[in-house]
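Undergrad: The following block contains the structure, expressed as structure tokens.
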Amino acid sequence: MDWLQSQTRLFRAMLYCFPAEFRHEYGAEMEQVFEDRLRTEPRLRLWLDTLTDFAFSAPKEHWDILRADVKHGVRVLAAMPGFSSIVLLVTALGIGATASIFSLVNAVLLRSLPYGHPEKLVYIWSPNPNFKGVPDELGPIVPDFYDWQRLSHSFSAMTLFEHRAVNVMIVSDAKRAAAAFVTGNFFRTLEAWPAIGRALDANDDQPGHEHVAVISYAFWHSQFAGASDVIGRYVRVNRQDYAVVGVMPQDFGYPFEGDIPYHRPGFKQTDIWLPAGYTIKQKTDRSDMASGDAVIGRLNNAVSASAAQAELAAIEKRLQPLYPEMWRGWTVLVRLLVQTIIGPVEKMLWLLLGAVGIVLLIAVSNVAGLLLARATARAHEMGIRTALGAERARIVRQLLTESLLLSCLGGSLGVGLAYLLVHFFTSLNPGSIPRFDSAQLDSRVLFVAASLSVGLGLAAGVAPALIASRTSLNNLLRRGSSRVAGGSNRGRFALIVLEVALSVVLLTGAGLLIRSFLKLEAVDPGFSTATLTLKVDLDQQYSTEESQTNFYRAFLAKLQELPGFACVGASTGIPLTNSESVTFAEVKGFGAISEVVENRAVTLDYRKALGTPLLRGRDFVPGDVNSKSGVVIVSAKFAQTYFHGRDALGGQIRVGIRDLSKAGWQTVVGVVGDIRHNSLEQAGKPLIFYPWDAGDNFVVRLNIPVRQAVNEARSALRSLDPALTLQAATMEDLINASTARRRFQTSLLTGFALVAVVLALAGLHGLMSYTVKQRTAEIGVRLAIGSPRRRVLSLILGQGLRLTGYGLLIGLGFAFAVTRLVSGWLFGVEATDPVTFVAVPLLVLLVAACACLIPAWSATKIDPVQTLRQE
Amino acid sequence: MPKLSPQAFHILIALADRDQHGYGIMQDVATRTGGKLRLSAGTLYGSIKRLLEEGLIIELRENQRPQEDDERRRYYRLTPAGRKAAKGEVNRMAELLKQARAYGLVAKSN
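Taken in sequence, the protein lines are chains A and B.
For what it's worth, numbering that gives the first Met the number 0 labels the leading residue of the first sequence as 0, then goes sequentially.
For what it's worth, numbering that gives the first Met the number 0 labels the leading residue of the second sequence as 0, then goes sequentially.
Next up, the structure:
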């Protein structure tokens with residue numbers, strides 16, 4: 000009968016599909032029935048029968064218990080609304096914050112870019128090591144691109160494009176928009192295809208055929224109201240009509256803000272793609288050094304980025320003799336596109352996710368603490384149930400169902416909170432984080448939120464459930480229900496220490512970032528933040544340098560006449576706009592400068608309008624412009640670096656792009672304060688100003704409100720040329736834009752740290768209140784035998800602060816270890832900044848004392864007579 | 000009174016004239032339905048559990064069981080409430096049958 004035994008054994012194992020309670024009650028019987036049937040029925044049929052039977056009846060039994068437990072759980076939780084709502088709130092906070100940050104990470108880092116096989120895409124830059132101080136991420140000279148395309152074998156497709164602001168005519172109103180002028184392979188390289196119509200191709204890229212356009216989904220909706228007959232209609236860009244041939248899908252807007260390093264025309268995404276239509280001359284003539292903004296290549300299968308780099312570098316080396324000697328030295332840099340786009344924000348987002356993970360951990364321990372307290376309080380109920388024959392597994396299961404019920408409810412509330420938070424975060428506009436706006440609660444985020452909710456319910460619920468179910472009737476009877484409730488609090492103490500420690504870590508990180516931010520705010524940028532800046536993008540109507548200069552002169556004159564425009568200047572580049580203008584220079588007495596030097600042509604009033612102080616010498620005067628005896632003004636940094644120990648005033652420098660020896664010497668007539676041109680975090684570089692009577696960037700010191708001034712400037716521009724558009728921003732706007740990411744990160748981390756502290760101290764407060772209640776009898780006795788109330792107060796306060804102290808010690812230790820994670824974002828403070836490391840513990844101790852004070856105070860109010868009578 | 004599931008109704012019928020153990024009930028049902036309804040262990044004891052909870056059947060104490068049987072087996076007996084529930088179900092069905100007959104849905108037997 001061996002086979003009978005083995006089959007029965009198998010059946011017995013399968014009984015584990017059923018709930019333990021059911022199995023213990025009926026398992027033996029079911030086995031008996033199975034054995035009986037084994038003797039009389041064909042085995043195959045019996046097994047088939049059993050399998051189908053189990054498939055239906057086992058889930059039914061589980062479901063029955065679940066339904067009963069949920070029903071019971073809802074009743075129990077509804078009976079203690081205070082407890083339930085606190086747990087729900089804490090859970091919602093934890094899950095909501097985590098889900099919202101995860102949805103940002105998901106949008107920016109995890110969701111695949113809307114291009115085919117994005118991992119095969121590379122940026123190909125063309126740096127020149129001879130130009131020190133210039134970023135490596137330079138677009139190549141146009142003919143180089145065409146030679147790469149012709150000579151290389153590493154790529155299946157390659158495209159060059161220029162990205163710039165254009166003036167789009169909508170009815171009779173000109174509007175600024177971002178356009179990319181692309182070579183024929185652009186869409187094929189990205190493997191991104193229009194939702195309607197066709198992409199641009201090589202035929203469109205021929206001069207004479209280039210008047211076609213592909214537009215973005217957003218542009219289609221804003222300018223054509225999403226009309227289905229958009230194909231073939233015209234869009235007027237820079238005074239020329241382009242026939243719309245395609246509309247891209249909603250998620251395509253390449254290049255997005257931040258997609259191209261060091262290139263910020265100030266648009267969230269691109270709306271119009273037009274053929275570049277380079278002429279034969281543009282494709283081959285290297286004399287005017289015209290370059291594109293970026294090249295994207297699609298690597299052939301099995302070709303690595305470094306192999307492609309090696310091939311292109313060899314090609315580029317062969318091309319060098321085609322350049323004038325002064326301009327040689329171009330090299331090639333191949334970088335993966337995904338890394339380039341995501342790299343700068345990746346760390347920041349992971350940091351935020353880590354921070355919010357800590358908040359979640361604190362929430363879990365907080366809930367666990369609450370459930371533990373609840374478990375000890377319910378020991379009586381569980382003891383009775385055990386006495387009535389309930390199995391331990393059954394009680395654990397029911398308690399876990401309750402905690403899961405709470406965590407899932409809290410999780411749902413958290414998803415609602417996350418929805419609001421994501422909207423809030425995207426409205427904060429942290430600046431140049433690609434695809435940040437597209438963050439939403441998609442299925443992946445919801446799945447994570449659901450898993451976290453279940454995980455939280457289990458993590459926080461298991462220990463309390465095990466503890467509560469351990470109570471035996473014996474204990475209950477022997478110790479009396481009031482004593483059972485007074486079980487050990489060690490678990491809860493440990494949880495509080497953990498919570499305090501974690502919040503100290505967060506608080507320290509936030510403190511360091513806040514200190515950095517304050518230091519940055521205090522930096523002197525070298526200009527007045529109230530200055531209004533205006534920029535006009537000219538189109539091909541102004542193709543000659545002369546017509547451009549004439550326009551700028553005329554506009555400058557118009558602005559100077561406007562009422563309330565106290566001082567107006569113009570320059571070839573203003574701070575914090577990523578405008579680069581560099582030159583080679585030589586200083587008499589110092590020699591040729593090995594790095595390229597920043598230079599700007601400025602009008603007479605530029606310095607005054609910008610609000611930069613004149614340190615020595617004089618400003619430009621009308622006679623300086625076009626004078627034979629050239630004069631320049633230099634920045635303090637320039638004077639300090641290249642006139643080391645000598646007087647810069649009267650010093651001689653000469654500058655030039657080609658042959659310096661042919662350039663004339665110019666005299667330094669003034670020294671101005673340093674200007675932070677690139678970013679607030681970077682000290683001002685050496686800078687040379689030339690006198691000029693025009694410039695495409697205007698700066699204004701105002702006597703009237705900004706809004707009014709911008710309107711006046713707009714009508715002034717319209718009277719000159721209605722097809723042009725004006726971009727206006729105060730220097731403060733530009734500063735805010737340049738520090739937006741830091742502000743976003745700092746405020747989020749600070750918010751998380753505050754939530755963490757509040758959660759930890761709420762936990763501490765709850766625990767101390769509970770302890771006081773537990774120790775009522777003891778305190779009553781102490782008071783009865785004459786212990787002063789002051790002693791009772793310090794007893795409770797001391798216990799709470801001792802717990803906080805342990806948490807602080809552990810937390811500070813951790814903080815020391817992990818603050819180096821944020822060291823990359825620190826400005827003007829060390830990762831071990833003593834101010835932060837002193838302020839954080841003080842703050843935590845202070846708030847902890849407040850949290851313990853109320854329970855401690857209530858302990859002193861205990862009436863000894865009353866408590867002794869109860870005993 | 001909640002409607003009885005077909006399985007529960009069959010169990011009640013099987014217990015109508017004598018106390019039985021699980022396997023007995025299963026065989027009884029199978030015989031009566033010509034093998035069409037076979038209550039496998041899971042379904043059988045799931046239904047028995049619910050009938051016990053609703054008080055329609057009871058489990059016999061050890062001294063009430065037939066002497067000769069395997070002591071592992073448990074015996075079940077119909078309670079008055081169970082009998083009433085079964086009768087209620089029978090009446091409901093009879094009523095249904097009557098109506099169906101009036102509409103000519105039932106072939107005349109005999």
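Just so you know, even glycine gets a beta-carbon here, dropped at the ideal spot from N, CA and C.
All values derive from a computational prediction rather than experimental measurement.
What's the C-alpha gap between A304(A) and G291(A)?
TA: The residue you call residue 304(A) lines up with position 305 of the first sequence. The residue you call residue 291(A) lines up with position 292 of the first sequence. Computed Cα separation, rounded: 21 Å.
Undergrad: In three-state terms, what does DSSP make of K70(A)?
TA: Stepping through the first sequence from its first residue, residue 70(A) is reached at position 71. Residue state, collapsed to three classes: helix.
Undergrad: In the DSSP assignment, find the unbroken alpha helix (DSSP H) run with M25(B) in it and report its ends.
TA: Here residue 25(B) refers to the residue found at position 26 of the second sequence. Its alpha helix (DSSP H) spans residues 21-31.
Undergrad: Can you find the residues in the same chain that come closer than 7 Å, C-beta to C-beta, to L760(A), ignoring five residues on each side of it along the sequence?
TA: Locating residue 760(A) in the first sequence gives position 761, counting from the first residue. Hits under 7 Å: V846, A847, A850.
Undergrad: List, in order along the chain, the chain A residues whose C-beta lies closer than 9 Å to that of M25(B)?
TA: The residue you call residue 25(B) lines up with position 26 of the second sequence. In chain order: V32, D35, R36.
Undergrad: Who are the Cβ neighbours of S215(A) in its own chain at under 8 Å, not counting the five residues just before and after it?
TA: What you label residue 215(A) is simply residue 216 of the first sequence in a count that begins at 1. Within the same chain, S215(A) has close Cβ partners V246, M247, F251, G252, Q268, T269, D270, I271.
Undergrad: Distance, Cα to Cα, A484(A) vs K772(A)?
TA: To locate residue 484(A), count along the first sequence from 1; it is residue 485. To locate residue 772(A), count along the first sequence from 1; it is residue 773. Any answer about A484(A) is weak, because its pLDDT of 44 lies below 50 and its placement is not dependable; what the coordinates show is given next. Each residue's CA atom was taken as its position, placing A484(A) and K772(A) some 11 Å apart.
Undergrad: Taking C-beta pairs closer than 9 Å, name the residues in chain B that K59(A) reaches, listed in chain order.
TA: The count along the first sequence starts at 1 and reaches residue 59(A) at position 60. G41, T42, G45, listed in chain order.
Undergrad: Residues of chain B with a CB under 9 Å from the CB of T49(A): which are they?
TA: For the purposes of this step, residue 49(A) is taken as residue 50 along the first sequence, with counting starting at 1. Ordered by position in chain B, the residues that pass the 9 Å Cβ test against T49(A) are S39, A40, G41.
Undergrad: Have a look at R334(A), I592(A), L555(A), A638(A) and flag the residue whose alpha-carbon is nearest the alpha-carbon of L613(A).
TA: Taking the first sequence and counting its residues from 1, one reaches residue 613(A) at position 614. Sorting R334(A), I592(A), L555(A), A638(A) by C-alpha distance to the C-alpha of L613(A) places A638(A) at the top.
Undergrad: Between the segment 224-237 of chain A and the segment 303-320 of chain A, do at least 3 Cβ pairs fall closer than 8 Å?
TA: no
Undergrad: With DSSP collapsed to three states, give me the class of N109(B).
TA: The residue you call residue 109(B) lines up with position 110 of the second sequence. Only weak support exists for where N109(B) lies, its pLDDT of 44 falling under 50; the value from the coordinates is given anyway. Correct three-state label for N109(B): coil.
Undergrad: Roughly how far, in whole angstroms, is the beta-carbon of L77(B) from the beta-carbon of A15(B), given that I think they are within contact range, below 8 Å?
TA: As a working mapping, residue 77(B) is identified with position 78 in the second sequence. As a working mapping, residue 15(B) is identified with position 16 in the second sequence. For L77(B) against A15(B), the beta-carbon gap comes to about 6 Å, under 8 Å, which counts as contact.
Undergrad: Give the secondary structure of I592(A) by DSSP, where H, G and I count as helix, E and B as strand, and everything else as coil.
TA: The residue you call residue 592(A) lines up with position 593 of the first sequence. Coil.
Undergrad: At a CB-CB cut-off below 9 Å, which residues of chain A make contact with K48(B)?
TA: By 1-based counting over the second sequence, the position of residue 48(B) is 49. Residues of chain A passing the Cβ test: F21, E24, Y25, E60, D63.
Undergrad: Please list, in chain order, all residues of the same chain as T640(A) whose beta carbon is under 6 Å from its beta carbon, the five residues on each side excluded.
TA: As a working note, residue 640(A) is residue 641 in the first sequence. Contacts found: P685.
Undergrad: Output needed for D284(A): all residues of its chain with C-beta closer than 8 Å, excluding positions within five of it in sequence on either side, in chain order.
TA: Mapped onto the first sequence, residue 284(A) falls at position 285. P142.
Undergrad: Given a cut-off of 8 Å, decide if P863(A) and L794(A) are closer than it, judged by their beta-carbon atoms.
TA: Indexing the first sequence from 1 puts residue 794(A) at position 795. Indexing the first sequence from 1 puts residue 863(A) at position 864. Taking 8 Å as the Cβ cut-off, L794(A) and P863(A) do not qualify as a contacting pair.
Undergrad: Are the CB atoms of I94(A) and L369(A) within a distance shorter than 8 Å?
TA: Taking the first sequence and counting its residues from 1, the one referred to as residue 369(A) is at position 370. Taking the first sequence and counting its residues from 1, the one referred to as residue 94(A) is at position 95. Their beta carbons are not under 8 Å apart, which means L369(A) does not touch I94(A) by this criterion.
Undergrad: Against chain B, with Cβ distances strictly below 8 Å, would E190(A) count as a contact?
TA: As a position in the first sequence, residue 190(A) is number 191, starting the count at 1. No, E190(A) lies away from the interface with chain B (no Cβ there is under 8 Å from its Cβ).
Undergrad: Please determine, among R606(A), A755(A), G765(A), L360(A), the residue with the shortest C-alpha to C-alpha distance to V699(A).
TA: If you number the first sequence from 1, residue 699(A) lands on position 700. Taking the Cα of V699(A) as reference, the smallest distance to any Cα among R606(A), A755(A), G765(A), L360(A) is reached at R606(A).
Undergrad: Using 10 angstroms around the beta-carbon of I656(A), count the other beta-carbons present and answer buried if the total reaches 16, otherwise exposed.
TA: Here residue 656(A) corresponds to residue number 657 of the first sequence, with the count starting at 1. That one is exposed.
Undergrad: Counting only Cβ-Cβ distances shorter than 7 Å, please list the residues of the segment 368-395 of chain A near chain B, keeping chain order.
TA: none
Undergrad: Whole angstroms are fine: how far does the CA of T602(A) sit from the CA of V522(A)?
TA: Here the question's residue 522(A) lines up with position 523 in the first sequence. Here the question's residue 602(A) lines up with position 603 in the first sequence. If you draw a straight line from the Cα of V522(A) to the Cα of T602(A), it is about 26 Å long.
Undergrad: Given a cut-off of 8 Å, decide if S364(A) and L497(A) are closer than it, judged by their beta-carbon atoms.
TA: Translated into the one-based positions of the first sequence, residue 497(A) becomes position 498. Translated into the one-based positions of the first sequence, residue 364(A) becomes position 365. It is a contact, given that the beta carbons lie within the stated cut-off.
Undergrad: How should R482(A) be labelled, buried or exposed, when 16 other C-beta atoms within 10 angstroms of its C-beta is the threshold for buried?
TA: Numbered from its first residue, the first sequence carries residue 482(A) at position 483. Low confidence applies here, because R482(A) scores a pLDDT of 46, under 50, leaving its location unreliable and the question unanswered by this model.
Undergrad: Using only the alpha-carbon positions, how far apart do I383(A) and R393(A) sit?
TA: Reading the first sequence from its first residue, position 384 is the one you call residue 383(A). Reading the first sequence from its first residue, position 394 is the one you call residue 393(A). Whole-angstrom Cα-Cα distance: 14 Å.
Undergrad: Could you tell me the alpha carbon to alpha carbon distance between Y114(A) and F130(A), rounded to whole angstroms?
TA: In the first sequence, counting from the first residue as 1, residue 114(A) sits at position 115. In the first sequence, counting from the first residue as 1, residue 130(A) sits at position 131. Between Y114(A) and F130(A), the C-alpha separation is close to 34 Å.
Undergrad: State the beta-bridge partners of T666(A) as determined by DSSP.
TA: The residue labelled residue 666(A) in the question sits at position 667 within the first sequence. Bridge partners of T666(A): V630(A), Q651(A).
Undergrad: Are any of the Cβ atoms in chain A nearer than 8 Å to that of R64(B)?
TA: The residue given as residue 64(B) occupies position 65 in the second sequence. Not one chain A Cβ lies under 8 Å of R64(B).
Undergrad: What would DSSP say about I495(A), mapped onto helix, strand or coil?
TA: For the purposes of this step, residue 495(A) is taken as the residue at position 496 of the first sequence. If DSSP states are grouped into helix, strand and coil, I495(A) belongs with the helices.
Undergrad: Have a look at Q547(A) and K282(A) and give me their C-alpha separation to the nearest angstrom.
TA: Position 548 of the first sequence, counting from 1, holds the residue named residue 547(A). Position 283 of the first sequence, counting from 1, holds the residue named residue 282(A). About 25 Å.
Undergrad: Keeping to the same chain, check which residues put their C-beta closer than 7 Å to that of Y241(A); ignore five residues upstream and five downstream.
TA: Residue 241(A) sits at position 242 when you count from the first residue of the first sequence. Taken in chain order, the residues that qualify are H210, V211, A212, Y233, V234, L273.
Undergrad: Compare the beta carbon distance of L359(A) and T749(A) with 8 Å and say whether it is the shorter of the two.
TA: Here residue 359(A) corresponds to residue number 360 of the first sequence, with the count starting at 1. Here residue 749(A) corresponds to residue number 750 of the first sequence, with the count starting at 1. No, the Cβ-Cβ distance between L359(A) and T749(A) is not below 8 Å.
Undergrad: Measuring only between beta-carbons, confirm whether G21(B) sits less than 8 Å from chain A.
TA: Position 22 of the second sequence, counted from the start, is the residue given in the question as residue 21(B). Chain A contact via Cβ: present.
Undergrad: Would you call P193(A) buried or exposed, if buried means 16 or more other Cβ atoms sit within 10 Å of its Cβ?
TA: Taking the first sequence and counting its residues from 1, one reaches residue 193(A) at position 194. Burial call: buried.
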